[in-house]
Amino acid sequence: MIQLYHVHKRYPNGVDALVDINMRIREGEFVFLTGPSGAGKTTLIKLLLVMERVTDGQILIGGRNVHVLRDGSIPFLRRNIGVVFQDFKLIRSRTVHENVAVALEILGIPRREVERRVMAILESVGLDNRASHLPSDISAGEQQRVAVARALVNEPAILIADEPTGNLDADLSVEIMGLLLEANRKGTSILLATHDRSLLDRYGLRTQTLNRGFLVEDRPRVDTGRPPTGPIPNVTGSRMSTFSSGGEP
Amino acid sequence: MKSGPLDYFAREAARTARTAPWLTAVSVLTVAIALVLVGLFAMVFFNASRLIGELGQSLSVNIYIKDAASSEDVAVAEKLVRQRQGVHDVRVLTPDMDRARNKALLDPTLLEGLDEEAIPGQAVIEAELDTKLQGRADVEELVSWARTIEAVQNVDDVSFGAEKLRLLFAVVEISRTVGTVLSIALLAGALFFVFSTIRLAVYARREEIEILRIVGATDAFIRAPFYIGGAAQGLLGALLAMAFLALLHVELRGLVHEVYLLNVSWSLMPPSMILWLLLGGPILGVLGSAVSIGRYLRT
């Protein structure tokens, strides 16, 4: 689903944020990306979202080389990738409902269908009674659940989470992880960047460790005896929809 | 049922206007004031041009013949006059006929004891000329034609009010140049104001734009609400301008017909002008928005 070949990222100030990264995340896999601050986790996520371009090497997402993607095609790639950030990145002037709906509205989905799908996902994250609230009127945990709902509402093939539990206490972190694991169980491939060791230890998922721009460890998934966290076994075929270079709003 | 994106764009455009309501109101007023002034210039220019067109539509041309002229000289001049397209009602008056006409115009008491020869009389060729004068060049062409006739032996003078026509066209052309320059300046000012308003709205919503980009919104999707907002501001400004100009039009018509007792057969504000002013507002708004959001998205 995601493949990185000898990826190198050097910023204009000369800093090498990533050096010769080779990585492969299979369809339906849940992978932790860890490492200390400045290790290159956020840069890697920015490269996957094409918020930054690689200096060298190649990144394939759903078989598509994002290095050669034209600017006009980037939005169509991003529609296949749900994103959750540490600071939630919710639109403050919009209600919970509107924040989630925007991920469908950009696809030009009719309003009635948007309504149905938004209410369904809000119900699944336990926020259907908060639909008309502004982000400022709900708790941090609820805000992150809204962000997860927005990331999942259009059923993306991939979900990328950058420190999604960074601003949450342990209980809320478990709650958010529960939502992500449920999405993964339904077939969404997930890459979650975190430096929270307790999270890594608790779930025992495959973990890629970065340090000073180098990939220093690829630890396979270990059985923790906890509820299943992997993809459902009969997921076949790619969920990555074809993204075109234009013609949609 | 409304389609999803259009409904979304309309809602977001309204939200953009609500972000800075006073600024939006001032922007609408700026467009309105600019369009009112441009509309006034256009009205003045249109009506002046129309008036000159009417004045020059049918000219009386008088070709005065010297006393020494032979009948061949008169025939040559008359032939030249008749050759021109639009010439009709050509009459050739001998000195006696001209004298008789002048005599008829004078009070009989003034003629008592007066020698008939003392009453002026000159051979003259009179003609009516249908023209479509649209500019100074047309007047100059007419002057050149008159000079051709003047060049005929024993033709004294050709008169059709050329100097007055020249003056009128000069006034119209100067006012058109001044009006065009001022209109461009006014429209540029209004454009800058709309641009600034939208730029502030874009700046206020930069975080939101960033989030939209992350979730996969295309630039067109991000731009559309700003375009609609700009077009709505422009249209509102144009409607305000039209309302003001319509009131002014009614007042002017009253003034022209009742106070100056002029029978003006045309509308002082033609439909094409109304259409251009109505289109001008949204065009200004969309242009201002396009420049503003375009600059932001390129950064």
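If you read the sequences in order, they're chains A and B. In terms of the numbering used here, the first sequence opens at residue 9 and continues consecutively. In terms of the numbering used here, the second sequence opens at residue 40 and continues consecutively. Note that CB positions come from ideal geometry on N, CA and C, so glycine has one too.
Identify whether residue i lies in helix, strand or coil by the three-state DSSP scheme.
i	result
residue 173 of chain A	coil
residue 261 of chain A	With chain A covering only 9 through 257, there is no way to say anything about residue 261 of chain A.
residue 212 of chain A	coil
residue 101 of chain A	coil
residue 242 of chain A	With a pLDDT of 34 at residue 242 of chain A, under the threshold of 50, the predicted position of this residue should be treated as unreliable, though the coordinate-derived value follows. Coil.
residue 42 of chain A	strand
residue 95 of chain A	coil
residue 188 of chain B	helix
residue 151 of chain B	coil
residue 145 of chain B	coil
residue 197 of chain A	strand
residue 174 of chain B	coil
residue 133 of chain A	coil
residue 104 of chain B	strand
residue 253 of chain A	In this prediction, residue 253 of chain A scores a pLDDT of 40, lower than 50, which makes its location untrustworthy; no coordinate-derived value is stated.
residue 254 of chain B	coil
residue 330 of chain B	helix
residue 204 of chain A	coil
residue 140 of chain A	coil
residue 197 of chain B	strand
residue 87 of chain B	helix
residue 125 of chain A	helix
residue 116 of chain A	coil
residue 308 of chain B	coil
residue 82 of chain B	helix
residue 54 of chain B	helix
residue 161 of chain A	coil
residue 313 of chain B	helix
Mind checking who residue i pairs with in its DSSP beta bridge?
i	result
residue 68 of chain A	A:11, A:73
residue 283 of chain B	Answer is none; residue 283 of chain B lacks a bridge partner.
residue 32 of chain A	A:11
residue 167 of chain B	B:99, B:127
residue 18 of chain A	A:24
residue 188 of chain A	DSSP, once it has assigned bridges, lists no residue as partnering residue 188 of chain A.
residue 79 of chain A	DSSP output for residue 79 of chain A lists no bridge partner at all.
residue 90 of chain A	A:167
residue 226 of chain A	A:216
residue 132 of chain B	B:163
residue 110 of chain B	Paired residues: none, contrary to the question.
With a cut-off of 8 Å on the beta carbons, I'd call residue i and residue j a contact; round off their distance for me.
i	j	result
residue 96 of chain A	residue 152 of chain A	6 Å
residue 138 of chain A	residue 129 of chain A	Contact flag wrong, Cβ pair sits at about 13 Å.
residue 102 of chain B	residue 188 of chain B	6 Å
residue 264 of chain B	residue 52 of chain B	5 Å
residue 83 of chain B	residue 218 of chain B	7 Å
residue 78 of chain B	residue 286 of chain B	Residue 78 of chain B to residue 286 of chain B, Cβ: 12 Å. No contact.
residue 129 of chain B	residue 120 of chain B	6 Å
residue 233 of chain B	residue 66 of chain B	5 Å
residue 218 of chain A	residue 43 of chain A	4 Å
residue 388 of chain B	residue 85 of chain B	This structure leaves residue 388 of chain B out entirely; chain B is present only between 40 and 338.
residue 33 of chain A	residue 15 of chain A	13 Å between Cβ atoms; not a contact.
residue 333 of chain B	residue 230 of chain B	So it is not a contact: roughly 14 Å between Cβ atoms.
residue 176 of chain A	residue 149 of chain A	6 Å
residue 223 of chain A	residue 31 of chain A	6 Å
Taking the CB atoms as reference points, tell me whether residue i and residue j lie closer together than 7 Å.
i	j	result
residue 131 of chain B	residue 164 of chain B	yes
residue 98 of chain A	residue 172 of chain A	no
residue 221 of chain A	residue 24 of chain A	yes
residue 323 of chain B	residue 273 of chain B	yes
residue 18 of chain B	residue 166 of chain B	Look at the range of chain B in this structure, 40 to 338, and you will see that residue 18 of chain B is not part of it.
residue 58 of chain B	residue 243 of chain B	yes
residue 53 of chain A	residue 198 of chain A	no
residue 40 of chain A	residue 215 of chain A	yes
residue 161 of chain B	residue 134 of chain B	yes
residue 201 of chain A	residue 49 of chain A	yes
residue 255 of chain B	residue 67 of chain A	no
residue 270 of chain B	residue 325 of chain B	yes
residue 193 of chain B	residue 105 of chain B	yes
residue 118 of chain A	residue 257 of chain B	no
residue 229 of chain A	residue 213 of chain A	yes
residue 250 of chain B	residue 261 of chain B	no
Does the beta carbon of residue i fall short of 6 Å from some heavy atom of the ligand GTP?
i	result
residue 15 of chain A	Absence of the ligand GTP from the depicted structure is noted, as is the absence of any ligand whatsoever, leaving it without description.
Below 8 Å, can you find three or more Cβ-Cβ pairs linking the region 90-103 of chain B to the region 198-211 of chain B?
-> yes
Would the region 220-235 of chain B and the region 66-84 of chain B be scored as touching if the rule is three or more Cβ pairs under 8 Å?
-> yes
Indicate whether the contact test is met: 3 or more Cβ pairs, each with one atom in the region 179-193 of chain A and one in the region 95-115 of chain A, closer than 8 Å.
-> no
Below 8 Å, can you find three or more Cβ-Cβ pairs linking the region 115-132 of chain A to the region 192-210 of chain A?
-> At 8 Å Cβ cutoff, the stretches do not touch.
Could you tell me whether the region 107-122 of chain B touches the region 145-159 of chain B, using the rule of 3 or more Cβ pairs below 8 Å?
-> Using a Cβ-Cβ distance cut-off of 8 Å, the region 107-122 of chain B and the region 145-159 of chain B are not in contact, since fewer than three pairs of beta carbons, one from each stretch, lie closer than that value.
Spell out a yes or no on whether the region 155-166 of chain A and the region 75-91 of chain A are touching, meaning 3 or more CB-CB pairs, one atom from each, closer than 8 Å.
-> yes
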